[in-house]
Structure formats: C-alpha cells, structure tokens
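Trainee: Below you will find the structure I want to go over with you.
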Amino acid sequence: MTPSSMPDHSVLPIVVEFLLTAIAVFVVLGWPRLGSSFFSRIERLFVPLARRRGLAVATVGVAGLLLRLAILPFCPIPIPFVPDDFSFLLSADTFAHGRLTNPTPAMWTHLESIHITMQPTYMSMYFPAQGLVLAAGKVLLGNPWYGLLITSALMCAAICWMLQAWIPATWAFLGGMLAVVHLGLFSYWINTYHAGAIAALGGALVLGALPRLMKTARFRHGLLMAIGIVILALSRPFEGLLLCLPVSVVLGHWALFGKNRPATGVLIRRAAFPLALLVAAAAWLGYYDYRAFGSPLILPYTVGRAQYAMAPYFVWQAPRPEPAYRHSVMRSYYYETEIKESSKNHSLSSYLFQKLLLTAVAVQFFAGFALIPPLIMLRRVFMDRRIRFLVLCVLVLTAGMAIQVFLLAHYLAPFTAAFYAIGLQAMRHLRLWSPENKPVGLTLVRLTVTICLVMSGLRLYAGPLHLALPEWRGMGAPWNFSWYGPDHFGTERFRVEGGLEQLPGKQLAIVRYSSRHNPFDEWVYNAADIDGSKVVWAREMDAANNLELIQYYKDRKAWLIQPDAQPAIVTEYPMPERMQGSSQ
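Here it is as structure tokens:
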C-alpha cells in the first residue's frame, strides 16, 4: 500500500473547523445573544445529571463505549498498519498465550522488524501496559481492539472524575463529554493500536485522587492513585515520572505538615496497601524485563534502541554509530526518518522552531481549532489558584519535552486530564467575559461546543462529504496531531494475508520491497508463535539465505509478495536453483 494523493476536490476537516471557528468569532461580535434561550434550555437539561457526580462519570464512560460501537459501520475496527500497531499486537498475542515473551525464532534474520526485539527474546520493545490491555480484549471478547475500546471509555470517565475534583461538576461533565468526542471516537488513540488512552487513564487517576486524598485521606483514593502510578509506570514511565514528581512533592508536604492530615499511625495503615501495590508492580516489571530482555535492570526500549536505532532520545546525546543493518528498509526507517528528524535540532534557532512547531501540532490534537478561542483567557487561568498546581504540572511537562528529540501526541497522554482542566477553566473565564455588558464570551463558549459536535457529524460522513482525512507518512503524519484520526489504512496487507489464509496448508510470504518503499508501510510482522502460524511473513535476502529459509519452512508453500505494486503482486516464489536440482 502506497499512500495516494488527496483528490483535488476534497478538503481537510481541519480547514472546515477553522472556518467555522472564525465564523463563530465574527458572529458573536455582531450578535452576542444569538440562540440564548435555546442554549439555556439545553444546558438546564444536563445540570441535574452533571451534579450527580457518580452518575455523571458513569454516563461519560458508557457514552464513550456505546457511541464508538454505534459508529462501527462508518469507522470499523482498525486494521494494524504502522510499526507501533504490530509491536503492541505481538505483545498482546504473547500475553494472551500466557507467556511473558517468546524464544528467538530460528530464521530471525528474515523476520526482524521495526520496534520488535529478536534477541535475547522475540518480543515487542515497548512497555507492557498496552499489550496487557489488548490481550484482555483478545481473550475475553475475541478481538484485541475491544480491550482498547473499554480502556478508552474508562479514560473518558476518569477524566470526568478527575475534573470533578478541580472544577465545578457541570464543567467536569462537559469536559468528560468533550473527551468522548475528541479522543474516544475518531482520534488515533482509538483507531490505531497506539498506547494513548491507557496512559491518559493513569494520569487522570493520579490527578483526580490527589485533592481527594488530601481532603479526606480515604483508603480508596490512595489505592486509585497507586493504580494510576502503576499504569503510568507500565505505559509511559518518563512522562509519568514528570507527572508524579510534583504530585509527590505536594503529597509529601501534606503528609508531613498538612493541617487536616490524619494521625501518623492512621496514615501509615492507609498507605500500606497502595505502597505494597507499587512495590509489587515494580517487582513484576523487573521480572518481565529479566524474562524479555535479560536483566531486571534493563527497561523496555533499551535493547531494541541499542540494536537498531541511531537517533538519540534526548537533545544532549550524540547519535549512535550506525548498526550493521541486514535490510535496507530497516536502515531507511531509522536513518531517513529518525536521524533526519533529530538533525533538525542542530542549532538553537532550529531547535526553538521545532519545539514551537511540535507544541502547535500537539495543541491541535487536544484542542483542534474550535477549542482554541477560550485560550485567550490563559493569563487569568495562570493567576487562578484553583488549578495553579495543574499549570505547574504542565510546566514540568514542558521542561521534560524540551529535552526530548521526538514528540507525538500520545507522549503527552499522562497529562491529558490536566490539559482539559486548564482548557475548561479558560472556558469558565471566557463565559464571564461581557464587554459593554454583552454576553460575548457566553455565546462564544456555546458555539465552541456546538462546533465540536458539528465536526463530529461531518467526520462521521467524511467520505460522502469529500472530507479528505490526512494520509499517514511517518513520524510527522498529520493524523498523529488531529482529533479526526486516521482513515481505514492497511487494507492491502490485510487483503493479501486473508487470501493466503484461505489457501490449504501453511504459507510462507516472502516480501520484496522496491527501492521507493515507504518504511512505515511494513508488511513483515508475525504472531507470537511464528512456526505455528498459518502464514509466516519473511524478508527476502540473498540467494543463500533465501534457500535456507525455504528449506527450513519446507512444509509451506512459498510466495513472493511485492507490496509496492498497485495492487500488490502475489506470485509463487521462484525456487532457488539448488532446490530445483535436489527435487529432480
């Protein structure tokens, strides 16, 4: 599959959202009381529900679940199509079979792929939280995506629950429903197999438990905070650490000097089980690292990056020496994309430009254009004591991201609830803005929410409306920074694999890429039990290695797959001369 160019007559949804937002700003300046009575009636309908906090949280979660299921005819269960997807699905398949990792396969040099470690074991290079979620969906509901769906619904509910601790209940409910619209229906957090929702869930639990714990010191809030920390440690530990640092400082100060803290003995008893949970999670992660990567002190990422990557993660690090790549497409991925991306930080001016650009596109993912107008009230938000701590958390995140080379929206996932709290507080201030005693701010907030709902409807019918969803092109793929999410990609590999699985007997798919191949359009990924799979995907190498591969899989029919043709070409693999001679 090669991404095609967008039709000339199509328009990006982001352009439509920008135009609607600009029109809304123009309209409220001329007609500040537009639709006042209608909006007031709608708001009054939801106030009683929002004030019943438990019911509001449950409503948000159920809405996130049922609405995404309802739009399956328009946005079907996603097909894996980028390296991260296949890596997480390998992790899920491994866990679903009751294993922590897999032995290195015999023909591993033909089978190695991006974000997969082959030595010391065959496993995803990522932390295990997302794989565990997907494995649960596969075991319990028959498809790994359902685990992601439930996690996404829990994320939206947790965001609402977190917001209730920081802002009024009605605004918290609005925030939860905006999370459903912006993150739970179309974004790549639900329409790929990336690890965004699980980390956002962990961050929401930590930030939602903090003020409740300091107010009541109840056991359940300490337990929920511990669960959130465990989720962060098993999904995005670096960004999770950036979140937990200010939380631990505030919590430690309260435990030592807080006026309303319980007696020391009571505090120790209530903290014992949450602390034991943290210790148990750390021990389990250490054991997982030992089984998968050879040492309890070697974290995921480390082995895979050391074996294949050249680009550093942090700005002060120098690039690693180039490894001896066995496949040109692997080198293309790690050199053409990562090294070129990291080289953009070679000077102070280019570094600052890149950071500003990445910040802008991250804001685009979480806010779109519709939710940007309330940000004119950020100065008042920064002066607001109610959420000053959350602003501090985001400043810590900013410092952490400033020293990293790469940035994608799911890197920021632990801070999602904090972003929503800051944005909603800005909306609260904007709602009160009434120049010349005209409710300009109130109407603008109402139209902002309306645009989000309208854009959801437009996104749902993107095809008939000729709205062109951005194509994926790698690290800077537009769908990584757009809440509209990706289209249904990966269909060509899915079609070819489905055809091979329908054939009698076992199959060997040997992939030959052209020189112009996009390294993000990877086809060589396999299940946890490679030799037991119906179809084994392998890379074509030189004649001697190909002969060894075919002889090892002599019980399989060998096929040559050429993905860069349109459509992909599938033919019988031309048998090496030595094998033809031996068969006569």
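Going by our numbering, the sequence shown opens with residue 269, and the numbers climb by one from there.
Just so you know, even glycine gets a beta-carbon here, dropped at the ideal spot from N, CA and C.
Because the structure is a prediction, the values reported are computed rather than measured.
1) State yes or no: is the C-beta of Ala463 within less than 8 Å of the C-beta of His678?
2) Give the DSSP-derived three-state secondary structure of Trp805 in the structure shown.
3) Within 10 Å of its beta-carbon, does Val498 have 16 or more other beta-carbons around it, so buried, or fewer, so exposed?
4) Tell whether a beta-carbon distance below 8 Å holds between Ile466 and Trp413.
5) If you draw a straight line from the alpha carbon of Gly476 to that of Phe306, how long is it in whole angstroms?
6) Pull up the distance between the alpha-carbon of Leu333 and that of Glu704, whole angstroms please.
7) On the criterion of 16 or more Cβ atoms from any shown chain inside 10 Å, does Met651 qualify as buried, or is it exposed?
8) Would a C-beta distance cut-off of 8 Å place Ala806 and Val792 closer than the cut-off?
9) In whole angstroms, give me the CA-to-CA distance for Lys822 and Leu620.
10) Would you mind stating whether Ala523 and Leu535 have Cβ atoms separated by less than 8 Å?
11) Would you call the CB atoms of Met391 and Leu358 closer than 8 Å?
12) Can you tell me the Cα-Cα spacing of Gly742 and Leu675, whole angstroms?
13) If you draw a straight line from the alpha carbon of Leu431 to that of Val838, how long is it in whole angstroms?
14) Could you give the distance in angstroms between the alpha-carbon of Tyr581 and the alpha-carbon of Gly668?
15) Looking at C-beta atoms only, is the number of pairs between the stretch 608-623 and the stretch 726-740 that lie closer than 8 Å three or more?
16) When DSSP labels each residue in this structure, what does Trp429 get in the three-state scheme?
17) Do Arg529 and Ala485 have their CB atoms nearer than 8 Å?
18) Pick helix, strand or coil for Ser600, following the three-state DSSP scheme.
19) Where do the ends of the beta strand (DSSP E) carrying Trp827 lie?
20) Report the rounded CA-to-CA distance for Gly470 versus Ile495, giving the unit in angstroms.
21) To the nearest angstrom, how far is it from the Cα of Ala544 to the Cα of Gly554?
22) Near Pro479, what residues of its chain come up, given a Cβ to Cβ distance below 8 Å and the 5 sequence neighbours on each side ignored?
23) Quick check: Pro348 and Phe354, are their CB atoms within less than 8 Å of each other?
24) Span of the alpha helix (DSSP H) holding Ile837?
25) At what residues does the alpha helix (DSSP H) containing Ala213 begin and finish?
26) How many Å lie between Val279 and Phe356 at the Cα?
27) Measuring only the C-alpha atoms, how far is Leu859 from Gln819?
28) Would you kindly check if the distance between the Cβ of Ala324 and the Cβ of Cys424 is under 8 Å?
29) Is the stretch 293-303 close to the stretch 705-712, with three or more CB pairs under 8 Å?
Mentor: On the basis of the data shown:
1) yes
2) strand
3) buried
4) no
5) 33 Å
6) 44 Å
7) exposed
8) yes
9) 56 Å
10) yes
11) yes
12) Note on Gly742: pLDDT 48, under 50, position unreliable in the model; the coordinate value appears next. When rounded, the distance between both Cα atoms is 13 Å.
13) 53 Å
14) 12 Å
15) no
16) helix
17) yes
18) helix
19) 824-830
20) 7 Å
21) 15 Å
22) Ala433, Trp434
23) yes
24) Careful: Ile837 lies outside any alpha helix (DSSP H), inside the beta strand (DSSP E) at 837-840.
25) Nothing in the structure corresponds to residue 213, since the chain is present only between 269 and 852.
26) 33 Å
27) Within the shown structure, residues of the chain are numbered from 269 to 852, placing residue 859 beyond reach of any answer.
28) no
29) yes
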